[in-house]
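Student:
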Amino acid sequence: LCLVCGRGDEEDRLLLCDGCDDSYHTFCLIPPLQDVPKGDWRCPKCVAEECSKPREAFGFEQAVREYTLQSFGEMADHFKSDYFNMPVHMVPTELVEKEFWRLVSSIEEDVIVEYGADISSKEVGSGFPVRDGKRRLLGDEEEYANSGWNLNNMPVLEQSVLTHINVDISGMKVPWLYVGMCFSSFCWHIEDHWSYSINFLVSFLSLLFTIDCLIPKTWYGVPASAAEKLEAVMKKLAPELFDSQPDLLHQLVTIMNPNVLMEHGVPVYRTNQCAGEFVVTFPRAYHSGFNQGYNFAEAVNFCTADWLPMGRQCVAHYRRLHRYCVFSHEELLCKMAADPESLDVELAAAVFKEMGDMMDEETKLRQAVQEMGVLSSEQEVFELVPDDERQCHKCKTTCFLSALTCSCSPDRLVCLHHAADLCDCPLGNKCLRYRYDLEEFPSMLYGVKTRAQSYDTWAKRVTEALAADQKNKKDLIELKVLLEDAEDRKYPENALFRRLREMVKEAETCSSVAQLLLSRKQRHSRLRSDSGRNRTKLTVDELKAFVDQLYRLPCIISQARQVKELLENVEDFHERAQVALSDEMPDSSKLQALLELGSGLDVELPELPRLKQELQQARWLDEVRVTLAEPLRVTLELMKRLIDSGVGLAPHHAVEKAMAELQEILTVSERWEDKARACLQARPRHSMVTLESIVLEARNIPAYLPNILALREALQKAKEWTSKVEAIQSGSSYAYLEQLESLLARGRSIPVRLDPLAQVESQVAAARAWRERTARTFLKKNSTYTLLQVLSPRVDIGVYGNSKSKRKRVKELMEKERGGFDPDTLSDLEESLEEVRDPSTVAAAFKAKEQKEVEAIHSLRAANLAKMAMADRIEEVKFCLCRKTASGFMLQCELCKDWFHGACVPLPKTGSQKKVGVGWQSNSKDSKFLCPLCQRSRRPRLETILSLLVSLQKLPVRLPEGEALQCLTERAMSWQDRARQALATDELSSALAKLSVLSQRMVEQAAREKTEKIINAELQKAAANPDLQGHIQTFQQSGFSRATSPRQSVDYDDEETDSDEDIRETYGYDMKDPGEVKPYLFCDEEIPVKSEEVVSHMWPAATPSFCAEHAYSSASKSCVQSEATFTH
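Taken in order, the sequence shown gives residues 1 to 1128; the numbers are from UniProt numbering.
See below:
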């Protein structure tokens, strides 16, 4: 029969206990069984008896094998994959969960798994970085080591109550580690002292091992409000277990299907905790769960201010269950009350409330003990007593505020709640031991109260400050003081605290922004907006919003008024900018002033780009206006540059108009420039009339046209040149050749057709041809003297040395005679017609120089003749061109009477004698020698000179050489007239006739003697030849007759002169007798001398020709003064 219902029906559902043989229907059991279990089955009575037996660990056994994380993971994965016959990561969580609860409900089937639970992190290490000095933290580990989410830091955070417990409580303040595998579970339980717990499923194992650590942990939870209901349901469903062990739920050995609990009205919540996730359980919240597979978790407890009432209730609950406490709740409260300033405000308020309730309860308990008759009392510092020595003998609660002891057993004590349970001794033997006197409690309570109420005072001030109107606003400094006070006092970071912090932060940000806006030094500082973008300046709308924000702040910002003035200035700038931008013609000064004003506002003004754009336009227009105002500055390049710069400007009607005007001027200017350039480069050149019309048409163009100016200048030069030519042609006297040559050079460089230019060119060409012909007539070949120098009177008489020293000496002589006539000045003609010399003036100056030349030659002759009187000092006297003493063969100049070395000067030639020989030595007295200084040129015939003068008269040009030649010709003809007059006297005529006859006889005698000498020499040669013996007499008679016959007289030139034929022969023109006269290429060319001149030094008396002896060397120039001196 069934012991529950008493019936014996339905035998297939009737179970027989294997322990006591009692029978039970499956549907009569609590909870009922669905099927008949396989294997052994025991009834609830046997189970209760078995549970009442003392055991080491109900439901759990300590494993013998030790694992590493690697080996445990391999074992766990191997178990799961074998159990479900699939890879571990492919097993669904729903399948594992269903199988887990099936195994829990099954009585016959047992599955053994292992669970590494409650492993102290202090011994094996934590999954979080820890500053223990054993290892250097790297990279992000510094951040994690300081984080509040680090489970090693969370229990001792400032807001945690556990931070006031000095000892490390393993499992509560020190994290525990949990290494699970599939089906390893944690039964229904709540945390010690009903504290909070936090669990973290570590995810870094995948970096260390090849196993999959992402397998989750399944949690089930019941809120604290349903904790008693859960306990009641469990006691109802398993009463026999709780009867034998009332604190069964605290042993973590009880597990029950959540569905059963929910059937009895217990709310159960479920979640899967994955790797990297936290799970937080609240005070007295029952929770259980199991692991889906191999994972690694870390957990710890923490307590906040709201936990304190729950903690006191937990101690009372422990007292009823006679459960040991982990720490003394009363000691914790007193310790926090002893240092109220270190408490968080919320915590201080909670401590104040808890301290009040605790003091009331303690006061009542002490009064009850006193009423019992215990009169003895003694103060004791319980915190110095170990916890196991101050536990209540009855309820196991740790005593702190007070305890009752008896002399019969001094080591035993009880809390005041169990004062009657201490012993049976008289009350007089008992003693009340207390930590604090009742009078000390108010002072402790006052400190906590003050700390708690300071927040209320602060909160009231903050609320009033944040809600103040515009007139009653506080300064930012006052708000910052309130915030600093809250931070120093560690007030709770509630909504009010956060709002105050936000307001202070906003006010500081606004103040700094305002300071930046008002500070010109940091105008370009970059501000960071709320969106994170870099901004340089505020826009106008942002400035308006910023001003509104400043005045909406619950405090006073000192820069708010200045920022508002800035906004007013910005608005004023906006109005003025709109007016300036609407002007028909941009005003650069107004725009520049606005730009300077806008740049100083340090606000992003939308008008600034347009103002800068219009300022560029205005400056360009100003530049165009100023440029066109001065046409001479308007070059083509400048106009092109202005047009190029104008192209880059923004469109504007004024700019477009100026551009059109510039383009028109540029086009016209380029056209006229091209036309002027073509005229300047034209061949043949244009007339002055054509060019003048072009210049007149282009003069109204307001631009600098270099070709037009060059054309105008050329036209002006042409007019001036033409006027000069006309003035010369219409003048009283002809112009000098140099003047015409200068005019010709200038005229050729003028790019204008000049009609008189061809005439001037012909005149210059004719004058040059005459000068070249005259130079060929007078100048020796390779002569160092110019034509003008040889035609003019000498100024270097008595000057010896090289050309450089002679020029220097001549210059000194000219400086001494300054004011006289300088023949070189004949070629230095001025261009001005007023300064042209009069011919009579030139002739007078020429005559004066002639007189000085004669005087100088007389002085030189006298000085040279005086040298011979110095016979005793002849070694000191200097002679010759080399200015050395006399030596060897020497010649005396017939004009200057100085002696010259035969090696330093060329010897005179005759038709029958060599340059040097014995003949010269024997006949040197009869030869006539002129030194190179006295004879510097050729001596043409007078007829040749007269033909040159006739050609000169036909030239409309004055030449200095022509005037010198005219003066020289007049001088020669004057000398000729004086010579003829002298020769016409009777005495001189008879003397010359006698001299001529005597000279003729001497010549014939000399010739006869020479002929006889030649014949005798030839006869002596013939006598030696036998073939000629018969002819010798005949030759002797014939030769003698020829030698004695009268010689035909030879007509020689009576003058020592070169004919035109001689000149032609010398310069290579029609050389008829090269043996008679040969050209010389040296500067000091030797003059050929006729044989009559060498022998007799006499001139024929009846010679009608003019002696054209050179002006510098002819002694005939002074024959009027002394006839004997110049007799040859």
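The beta carbon of each residue, even a glycine, is placed where N, CA and C say it ideally should be.
Just so you know, these numbers come straight off a predicted model, no measurement behind them.
Just how far apart, CA to CA, sit Q391 and D339?
Tutor: Indexing the sequence shown from 1 puts residue 391 at position 391. Indexing the sequence shown from 1 puts residue 339 at position 339. So the two alpha carbons sit approximately 26 Å from each other.
Student: Taking its Cβ as the centre, do 16 or more other Cβ atoms sit within 10 Å of M234, making it buried, or is it exposed?
Tutor: In the sequence shown, the residue the question calls residue 234 occupies position 234. Per the 10 Å Cβ criterion, buried.
Student: Kindly list the residues whose CB is nearer than 7 Å to the CB of residue 1165, restricted to its own chain and excluding five residues on each side of it in sequence; keep chain order.
Tutor: Since the displayed the chain opens at 1 and closes at 1128, residue 1165 lies outside it and no answer follows.
Student: Exposed or buried, which one is H653 when buried takes at least 16 other CB atoms within 10 Å?
Tutor: Looking up residue 653 in the sequence shown gives position 653. By the neighbour-count rule (16 or more Cβ atoms within 10 Å), H653 is not buried but exposed.
Student: In terms of alpha-carbon separation, which member of T271, S645, P839 and H189 lies closest to S732?
Tutor: Taking the first residue of the sequence shown as position 1, residue 732 is located at position 732. The shortest Cα separation from S732 among T271, S645, P839 and H189 belongs to P839.
Student: Of all the options T841, V96 and T254, which has the alpha carbon lying nearest to the alpha carbon of P216?
Tutor: By 1-based counting over the sequence shown, the position of residue 216 is 216. Out of T841, V96 and T254, V96 has the C-alpha closest to the C-alpha of P216.
Student: Quick one: measure Cβ to Cβ for T397 and D387, integer angstroms, because I've assumed they're closer than 8 Å.
Tutor: Position 397 of the sequence shown, counting from 1, holds the residue named residue 397. Position 387 of the sequence shown, counting from 1, holds the residue named residue 387. That pair is no contact at about 11 Å.
Student: Which whole-angstrom value is the C-beta distance of V345 and K490, which I expect to be below 8 Å?
Tutor: Indexing the sequence shown from 1 puts residue 345 at position 345. Indexing the sequence shown from 1 puts residue 490 at position 490. About 7 Å separates the two Cβ atoms, so the contact holds.
Student: From Q613 to T667, what distance separates their C-alpha atoms?
Tutor: Translated into the one-based positions of the sequence shown, residue 613 becomes position 613. Translated into the one-based positions of the sequence shown, residue 667 becomes position 667. Near 28 Å, if we compare the C-alpha coordinates of T667 and Q613.
Student: Indicate the three-state DSSP secondary structure (helix, strand or coil) for E604 in the structure shown.
Tutor: Position 604 of the sequence shown, counted from the first residue, corresponds to residue 604. E604 falls in the strand class under three-state DSSP.
Student: Tell me which same chain residues have a C-beta within less than 7 Å of the C-beta of V36, skipping the five on either side of it?
Tutor: As a first step, residue 36 is located in the sequence shown; it is residue number 36 there, counting from the start. Cβ neighbours of V36 beyond the five flanking positions: L15 and T26.
Student: Just how far apart, CA to CA, sit F778 and A972?
Tutor: Position 778 of the sequence shown, counting from 1, holds the residue named residue 778. Position 972 of the sequence shown, counting from 1, holds the residue named residue 972. About 15 Å.
Student: Looking at the structure shown, is S203 part of a helix, part of a strand, or coil, going by DSSP?
Tutor: The residue labelled residue 203 in the question sits at position 203 within the sequence shown. Coil.
Student: Is E607 buried or exposed, if buried means 16 or more other CB atoms sit within 10 Å of its CB?
Tutor: For the purposes of this step, residue 607 is taken as the residue at position 607 of the sequence shown. So E607 counts as buried.
Student: From V462, A495, L138 and Q470, pick the residue whose C-alpha is nearest to that of L483; which is it?
Tutor: Translated into the one-based positions of the sequence shown, residue 483 becomes position 483. Considering only alpha carbons, the answer is V462.
Student: Less than 8 Å between the C-beta atoms of C17 and W41, yes or no?
Tutor: On the sequence shown, residue 17 is found 17 positions in, with the first residue counted as 1. On the sequence shown, residue 41 is found 41 positions in, with the first residue counted as 1. Yes, Cβ-Cβ distance for C17 and W41 is below 8 Å.
Student: By DSSP, does G139 sit in helix, in strand, or in coil?
Tutor: Within the sequence shown, residue 139 is the residue found at index 139, counting from 1. G139 falls in the coil class under three-state DSSP.
Student: Can you list the alpha helix (DSSP H) stretches of 4 or more residues lying completely in the segment 331-404, in chain order?
Tutor: You should have 345-372.
Student: Along the chain, where does the alpha helix (DSSP H) that runs through H259 open and close?
Tutor: For the purposes of this step, residue 259 is taken as the residue at position 259 of the sequence shown. Per the sequence shown, residue 259 should be read as Asn rather than His. P258 to E263 is the extent of the alpha helix (DSSP H) around N259.
Student: If we call anything under 8 Å between Cβ atoms a contact, is G221 one with Y269?
Tutor: To locate residue 221, count along the sequence shown from 1; it is residue 221. To locate residue 269, count along the sequence shown from 1; it is residue 269. Yes, Cβ-Cβ distance for G221 and Y269 is below 8 Å.
Student: Quick check: A710 and M639, are their CB atoms within less than 8 Å of each other?
Tutor: Position 710 of the sequence shown, counted from the first residue, corresponds to residue 710. Position 639 of the sequence shown, counted from the first residue, corresponds to residue 639. Not closer than 8 Å, so no.
Student: Look at the alpha carbon of F84 and the alpha carbon of I119, and state the distance between them as a whole number of angstroms.
Tutor: Looking up residue 84 in the sequence shown gives position 84. Looking up residue 119 in the sequence shown gives position 119. Whole-angstrom Cα-Cα distance: 29 Å.
Student: What do you reckon, are the CB atoms on K172 and S195 nearer than 8 Å?
Tutor: Position 172 of the sequence shown, counted from the first residue, corresponds to residue 172. Position 195 of the sequence shown, counted from the first residue, corresponds to residue 195. Inspection of the sequence shows that residue 172 is occupied by Met rather than by Lys. Going by C-beta atoms, M172 is nearer than 8 Å to S195.
Student: Quick one, which of A869, R980, P793 and G888 has its alpha-carbon nearest K852's?
Tutor: Taking the sequence shown and counting its residues from 1, one reaches residue 852 at position 852. Closest option to K852, Cα to Cα, is P793.
Student: Measure the beta-carbon distance from H193 to C314 and round it to whole angstroms, keeping in mind my assumption that it falls under 8 Å.
Tutor: One-based indexing of the sequence shown puts residue 193 at position 193. One-based indexing of the sequence shown puts residue 314 at position 314. Yes, they are in contact, since the Cβ atoms of H193 and C314 sit about 5 Å apart, within 8 Å.
Student: Only counting the same chain, and skipping five residues up and downstream in sequence, which positions put a Cβ closer than 6 Å to that of F900?
Tutor: As a working note, residue 900 is residue 900 in the sequence shown. Around F900: C880, L891 and C931.
Student: Can you tell me whether residue 1168 is buried or exposed, with buried defined as 16 or more other CB within 10 angstroms of its CB?
Tutor: In the structure as shown, the chain starts at 1 and stops at 1128, and residue 1168 therefore has no counterpart that could be examined.
Student: Does the beta-carbon of M503 have 16 or more other beta-carbons within 10 angstroms, so that it is buried, or is it exposed?
Tutor: Counting from one through the sequence shown, the residue named residue 503 turns up at place 503. Under this definition M503 is a buried residue.
Student: Alpha carbon to alpha carbon, how far is L965 from L791?
Tutor: Here residue 965 refers to the residue found at position 965 when the sequence shown is read from its first residue. Here residue 791 refers to the residue found at position 791 when the sequence shown is read from its first residue. The straight-line gap from Cα to Cα measures roughly 6 Å.
Student: Give every residue of the same chain whose Cβ lies closer than 8 Å to the Cβ of G356, excluding the five residues on either side of it in the sequence, and list them in chain order.
Tutor: If you number the sequence shown from 1, residue 356 lands on position 356. L445.
Student: Buried or exposed, going by whether 16 or more other CB atoms sit within 10 Å of the CB of Q522?
Tutor: Against the sequence shown, residue 522 aligns to sequence position 522. Caution is warranted here: a pLDDT of 44 is assigned to Q522, below 50, making its placement in the model unreliable, and the coordinate value is therefore given only provisionally. Label assigned to Q522: exposed.
Student: Since T93 is in the alpha helix (DSSP H), which residue starts that stretch and which ends it?
Tutor: In the sequence shown, the residue the question calls residue 93 occupies position 93. Per DSSP, T93 belongs to the alpha helix (DSSP H) from T93 to S105.
Student: Check this for me: beta carbons of K122 and V174, under 8 Å apart or not?
Tutor: Within the sequence shown, numbered from 1, the residue matching residue 122 stands at position 122. Within the sequence shown, numbered from 1, the residue matching residue 174 stands at position 174. In contact: K122 and V174 (Cβ atoms closer than 8 Å).
Student: Three or more C-beta pairs closer than 8 Å, one from the segment 714-721 and one from the segment 751-771: is that the case here?
Tutor: Yes, the segment 714-721 touches the segment 751-771.
Student: Mind checking whether H329 and G311 have CB atoms under 8 Å apart?
Tutor: For the purposes of this step, residue 329 is taken as the residue at position 329 of the sequence shown. For the purposes of this step, residue 311 is taken as the residue at position 311 of the sequence shown. Against a cut-off of 8 Å, the Cβ pair of G311 and H329 comes out as a contact.
Student: Spatial neighbours of N923 within its chain, please: C-beta separation below 6 Å, excluding the five flanking residues on both sides.
Tutor: Translated into the one-based positions of the sequence shown, residue 923 becomes position 923. Model confidence at N923 stands at a pLDDT of 43, short of 50, so the residue's coordinates are unreliable and nothing is read from them.
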